[in-house]
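In this note's numbering, the protein residues as written are 1 to 462. Beneath this line is the structure, given in structure tokens, with notes to follow.
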């Protein structure tokens, strides 16, 4: 093949021509025939974004893709819930809906700044997935288990010691936390070779199965109040276990890997949009990330199941009801009459009848809710109370004395935590719930009484 052949394929700029001739030389050295070369080059010209990282035609793909970022003619529609949202989080949302792949967005009342998409941000895209719009902790989720144990265990020292021992024996906290004797769950029998990276991470993930991580992750006992018959239970007060964690180190590695690949595909994105780089769903990388993300969803669910089952068994108790949900994930859903990819980064699915758990802080309630299916929110609601203070500011300005005084007033016993997770760093959960009354209805309330988080000095991984 010569330069005239390349021009016929649409390879016309100087940079693309030079790269194209280099590709021809490389393919010839590999023994490729002219018709095979033509097919490879045609595919690269047709969809250069799919070949940006290819070892042979990558340089040509990048030359063909060199263009100035062109946003949507008009930003995609989006709506905000709640007023206590910092301007920088709203600005991130305004940037996100300018992406050419964006279809619609929503900002939940617990929103605050994140990487690319704000925490509490919801974004629907067309044929594209954004790793950072899912988040570093892929499939971070909540799980509440109602137990058949008496609530009175929370009212005396002996009961608290019994519950504390169960938590500290049956899970682990902190970056890199793992079990010497691996926990068992059917998730480890799934196909971890769906991508080379998940295959590599399987053993590490297995060691961390049943652990809780750091940052805002927790395991706690409390009083669950059901005002009316729900969940197969009669109205009343129950002892319940609540946990918050995700896919641990494996999820973080997957996010890092595919975020870098996404950024390599979009070198033209302006600085404020770089963390919103996407992978086409019909590309090899898009399919790999989607498979890895869904595996991490199953793994995170198994992680909670192991924690709850181990603690329940330790206490010789029975589970009466379970509610759980992801809040760092992407789903294929139908909105505006078409299939889109809905990213919920720190947001909870709230379709019609869908159950979820929205925590407050270690000194304020969590709520079990049922979704109302609000189309403007893309069937979403908040994932918690939302931070009002950075970790650095919390460590610089807060003190344990005031925090412990507040916990004592709320009858909360703290096993361990870091100062940057005390109640003062979070919004008022009652205000957050009030702001989303058109998104969910509350069916139960969990008041924390015994709380375990990673101790001070742990690097947050949320």
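Think of the CB as a built atom: it goes at the ideal place given N, C-alpha and C, for glycine as much as any other residue. Note that the coordinates shown come from a computational prediction; the quantities given were computed from them, not determined experimentally.
Taking the alpha carbon of residue i as the reference point, which residue from the options has its own alpha carbon closest?
i	options	result
residue 163	437, 55, 219	219
residue 130	290, 278, 446	278
residue 395	413, 411, 417	417
residue 441	369, 381, 405	369
residue 310	366, 97, 172	172
residue 390	155, 22, 424	424
residue 409	38, 362, 270	362
residue 199	55, 211, 282, 253	253
residue 16	127, 30, 31, 41	41
residue 207	227, 177, 260, 228	177
residue 134	147, 437, 431, 116	116
residue 350	118, 404, 275, 437	437
residue 422	393, 433, 430, 432	393
residue 260	235, 232, 289	289
residue 197	256, 433, 265	256
Please work out which residues of its chain come closer than 7 Å, Cβ to Cβ, to residue i, disregarding the five sequence neighbours upstream and downstream, and give them in chain order.
i	result
residue 184	none
residue 331	342
residue 348	325, 327, 356, 358, 380, 381, 382, 383
residue 57	23, 40, 44, 51
residue 204	249, 250
residue 100	70, 71, 72
Throw me the rounded Cβ distance for the residue i and residue j pair, which I believe falls under 8 Å.
i	j	result
residue 342	residue 333	5 Å
residue 27	residue 45	With a Cβ gap of about 14 Å, residue 27 and residue 45 do not count as contacting.
residue 386	residue 112	5 Å
residue 448	residue 412	6 Å
residue 209	residue 306	6 Å
residue 312	residue 145	7 Å
residue 79	residue 102	Incorrect: roughly 14 Å between the Cβ atoms, too far for contact.
residue 414	residue 81	In fact, because the Cβ distance is near 31 Å, the residues do not count as touching under 8 Å.
residue 388	residue 426	7 Å
residue 239	residue 160	Rounded, the Cβ-Cβ distance is 12 Å, inconsistent with contact.
residue 344	residue 122	5 Å
For residue i, name the three-state secondary structure that DSSP assigns.
i	result
residue 183	coil
residue 352	coil
residue 74	coil
residue 328	strand
residue 280	strand
residue 79	strand
residue 306	helix
residue 358	strand
residue 1	coil
residue 452	strand
residue 321	strand
residue 33	coil
residue 230	strand
residue 427	coil
residue 134	helix
residue 11	coil
residue 403	helix
residue 415	strand
residue 389	coil
residue 235	coil
residue 397	helix
residue 164	helix
residue 249	helix
What are the residues that DSSP puts in a beta bridge with residue i?
i	result
residue 265	BP columns for residue 265 are empty, so no partner.
residue 465	Nothing can be reported for residue 465, as the shown portion of the chain is limited to 1 through 462.
residue 446	224, 366
residue 257	Beta-bridge pairing links residue 257 to no other residue.
residue 44	Partner(s): none; residue 44 has no beta bridge.
residue 119	112
residue 218	244, 453
residue 107	80, 121
residue 173	213
residue 382	347
residue 128	280
residue 142	244, 325
residue 102	125
Which same chain residues, not among the five before or five after residue i, have their C-beta less than 6 Å away from its C-beta?
i	result
residue 20	6, 11, 60
residue 304	143, 243
residue 85	111
residue 237	151, 223, 225
residue 230	443
residue 202	192
residue 13	none
residue 246	137, 139, 140, 300
residue 50	283
residue 435	81, 82, 109
Give me, in chain order, the residues of the same chain whose beta-carbon lies closer than 8 Å to that of residue i; leave out the 5 immediate sequence neighbours on both sides.
i	result
residue 48	60, 61, 62, 64, 65
residue 75	94, 97, 98, 102
Any C-beta of chain D sitting closer than 8 Å to the C-beta of residue i?
i	result
residue 416	Given the protein chain composition of this structure (a single chain), no chain D is represented.
Following a CB-centred definition, is residue i positioned closer than 7 Å to any heavy atom of the ligand NAP?
i	result
residue 340	Among the components of this structure there are no ligands whatsoever, and the ligand NAP is therefore not found.
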